[in-house]
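Below: the structure, in structure tokens.
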Amino acid sequence: MDNNALSSVAGLERIIIGLAQGLQKYAQKECANEMYVRKQNELILDLTKLYNQLSGLKYLELWVDIEDRIERLEKFDPELNAHTIVIHTKPSNRNNYSFIEINPFTS
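My numbering puts the sequence shown at residues 105 to 211.
Set out below in structure tokens:
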């Protein structure tokens, strides 16, 4: 993974660990608010689900790089409205491509 993707996922992991450790300490106190503990635990579980989704993305580093390249290209040429991207997913001496079109502006 590139540094941006790695640091984002690693940063999220550090946040989750920090929240969990802090909540454990807080929950051991006599005056711990049960509702707060429950809400924080739900937040930690939601963040953990997000972390698992992000860390499981095989091409996360590519998506981060693609977003960066698209941004730079569109700054250079504001008239661009689509991009052709070829991602090789297996080593091969022949070209056997699929075509995926994504248009978030149509329903």
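Quick reminder that beta carbons are idealized off the backbone N, C-alpha and C, glycines included. Source: prediction; values computed, not measured.
Exercise for review: Look up ASN207 in the DSSP assignment and say whether it is helix, strand or coil.
Suggested key: Mapped onto the sequence shown, residue 207 falls at position 103. Reduced to three states, the DSSP call for ASN207 is coil.
Review point. From ASN137 to ALA131, what distance separates their C-alpha atoms?
Key: By one-based count along the sequence shown, residue 137 stands at place 33. By one-based count along the sequence shown, residue 131 stands at place 27. Cα to Cα, ASN137 sits roughly 8 Å from ALA131.
Exercise for review: Measure from the alpha carbon of ALA114 to the alpha carbon of each residue in ASN156, TYR140, VAL141, then state which is nearest.
Suggested key: By one-based count along the sequence shown, residue 114 stands at place 10. Looking from the CA of ALA114, the closest CA among ASN156, TYR140, VAL141 belongs to ASN156.
Practice item. Determine the closest residue to TYR163 out of HIS192, ASP150, LYS153, with distance taken between C-alpha atoms. Key: Taking the first residue of the sequence shown as 1, we reach residue 163 at position 59. Selected option, being the one with the closest Cα: HIS192.
Review point. How long is the line joining the alpha carbons of ARG118 and ALA124, rounded to whole angstroms?
Key: Against the sequence shown, residue 118 aligns to sequence position 14. Against the sequence shown, residue 124 aligns to sequence position 20. So the alpha carbons of these two residues sit roughly 10 Å apart.
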